[in-house]
Amino acid sequence: MTGVEVVELDHGIAFQGVTTTPKGMRVTGPVSFPADHPFIADAAFVVAEAAERGLTAKFTIPSPTVFDFRLDADQIHTDHYADRDAITDDLVQAYRDAIAALYAAGVRYLQLDDTAWAYACSDVEMEKARERGIDTDGIAERFSSIIRRVLDGRPEDLVVTTHVCRGNFRSTWIASGGYEPVAEQLLGNTGYDGYFLEYDSDRAGGFEPLRFLPEGDQVVVLGLVTSKTGELEDPAVIEQRIRDAAEFAPLGQLALSPQCGFASTEEGNVLSEDEQWAKVRSVVDIAGRVWS
Numbered sequence: 002m003t004g005v006e007v008v009e010l011d012h013g014i015a016f017q018g019v020t021t022t023p024k025g026m027r028v029t030g031p032v033s034f035p036a037d038h039p040f041i042a043d044a045a046f047v048v049a050e051a052a053e054r055g056l057t058a059k060f061t062i063p064s065p066t067v068f069d070f071r072l073d074a075d076q077i078h079t080d081h082y083a084d085r086d087a088i089t090d091d092l093v094q095a096y097r098d099a100i101a102a103l104y105a106a107g108v109r110y111l112q113l114d115d116t117a118w119a120y121a122c123s124d125v126e127m128e129k130a131r132e133r134g135i136d137t138d139g140i141a142e143r144f145s146s147i148i149r150r151v152l153d154g155r156p157e158d159l160v161v162t163t164h165v166c167r168g169n170f171r172s173t174w175i176a177s178g179g180y181e182p183v184a185e186q187l188l189g190n191t192g193y194d195g196y197f198l199e200y201d202s203d204r205a206g207g208f209e210p211l212r213f214l215p216e217g218d219q220v221v222v223l224g225l226v227t228s229k230t231g232e233l234e235d236p237a238v239i240e241q242r243i244r245d246a247a248e249f250a251p252l253g254q255l256a257l258s259p260q261c262g263f264a265s266t267e268e269g270n271v272l273s274e275d276e277q278w279a280k281v282r283s284v285v286d287i288a289g290r291v292w293s
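For reference, each letter of the sequence shown is one residue, going 2 to 293 in our numbering.
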């Protein structure tokens, strides 16, 4: 986006036992989406390559709530904005412009990757946010309002999903906490077509928050197969967990996937390529039995 720079900070993002490179965002002027953004050419290329194979490409970008949550108040280096709240309208418009440009490039399946919702599930991370000067009261309502405004009026044939990530860096993680504090807003008020939710460990809590999924066409994709280790899950255990989830949301509105990407950063996770593909095959096999 214009008006935003990536800068070196004196700290990275702290995962369990490891820290990312010390980079962050700085706002230096009015925030907007440039018409010549390189993502547009990238999207057109990926869509065309997928179409030649009879496939639909998923194009993924960070969610606006990540920008909203990760931006520190002392990184607003412009008189154009008095504070973080003053940026919201321009942030929403920048994302609406981005979606329109991606759609024009042929994108019909867009995913907004989101760590902010996972932070909002964690008492520990919310305390850290308050120490950074973030007002955490009503934060789920704030996030859902931003997403709703971004998605409002999108083309009817554009599918938009989100992945809520608790951290995926060198097979470690950041946030812990079930979805209960945010589920009503996330599932009921954002307007996404689908939700990829991590459920591969006890850190994600139980399936009860799925009761907030509105009956209809929206889908929750259960991330029950971890991407952090190469050990294969017992298919019987995964199938039972799907049945457990179906006590709170219709089975027809559920799906299955790995919990996250196998290499969300250039460092990747601690498992081999063969182990990754074994996980993917297992997901396909289990889904075929459950939803046959």
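Cβ coordinates follow ideal geometry from the N, Cα and C atoms, glycine included.
Asked                                                                                                                : Found
Stretch-stretch touch, CB-based, cutoff 8 Å, three pairs: the region 141-150 with the region 84-95                   : yes
Inter-residue Cα distance where the pair is L233 and I41                                                             : 37 Å
Rounded straight-line distance, which links the Cα of A256 to that of Y82                                            : 42 Å
Neighbourhood of A95 by C-beta distance below 6 Å, restricted to the same chain and skipping five residues each side : M2, V32, S33, F34
DSSP three-state assignment for D98, whether helix, strand or coil                                                   : helix
Classification of H78 by the beta-carbon crowding that lies within 10 angstroms, buried from 16 upward               : exposed
Inter-residue spacing [alpha-carbon to alpha-carbon] between R10 and M26                                             : The residue asked about is misnamed: residue 10 is Leu in this sequence, not Arg. The alpha-carbon atoms of L10 and M26 are separated by roughly 9 Å.
Helix, strand or coil at M127 according to DSSP, with G and I counted as helix                                       : helix
Range of the contiguous beta strand (DSSP E) that encloses I62                                                       : 60-63
Buried or exposed (CB count within 10 angstroms, at least 16 for buried), D69                                        : buried
Through-space distance from E157 to A45, alpha-carbon basis                                                          : 20 Å
Where E9 sits in the DSSP three-state scheme                                                                         : strand
Limits of the unbroken beta strand (DSSP E) element including V183                                                   : Where V183 is concerned, there is no enclosing beta strand (DSSP E), given that its DSSP letter is neither H nor E.
Any 3 or more C-beta pairs closer than 8 Å across the region 222-236 and the region 278-285                          : yes
Buried versus exposed, by CB contacts within 10 Å (16 or more), D136                                                 : exposed
Alpha-carbon to alpha-carbon, V5 and P30                                                                             : The residue you asked about is not Pro; residue 30 is Gly in the sequence shown. The straight-line gap from Cα to Cα measures roughly 7 Å.
Contact belief for V165 with D115 at Cβ below 8 Å, rounded distance in angstroms                                     : 6 Å
Residue burial classification, R54 (beta-carbon count within 10 angstroms, cutoff 16)                                : exposed
R133 - DSSP class collapsed to helix/strand/coil                                                                     : coil
Selected residue, minimal CA-CA separation from S64, among L198, L113, R71, L56                                      : L113
Of the residues G231, S258, Y193, the one placed nearest S146, counting alpha carbons only                           : Y193
G107 to V48 span [Cα, whole Å]                                                                                       : 6 Å
Any 3 or more C-beta pairs closer than 8 Å across the region 211-223 and the region 183-202                          : yes
Cα-Cα separation between V291 and K24, rounded to whole angstroms                                                    : 43 Å
Pick from D235, G179, V221 that is closest to G189, judged by C-alpha positions                                      : V221
Residue from K129, V93, A102 with nearest C-alpha to H38                                                             : A102
Whole-Å CB distance - R155 paired with I100, under 8 Å assumed                                                       : 6 Å
Residue environment, T57, which counts as buried when at least 16 other CB atoms sit within 10 Å                     : exposed
Buried/exposed call for A121, threshold 16 Cβ in 10 Å                                                                : buried
Where the beta strand (DSSP E) through Q277 begins and ends                                                          : Not the beta strand (DSSP E): Q277 falls in the alpha helix (DSSP H), residues 274-291.
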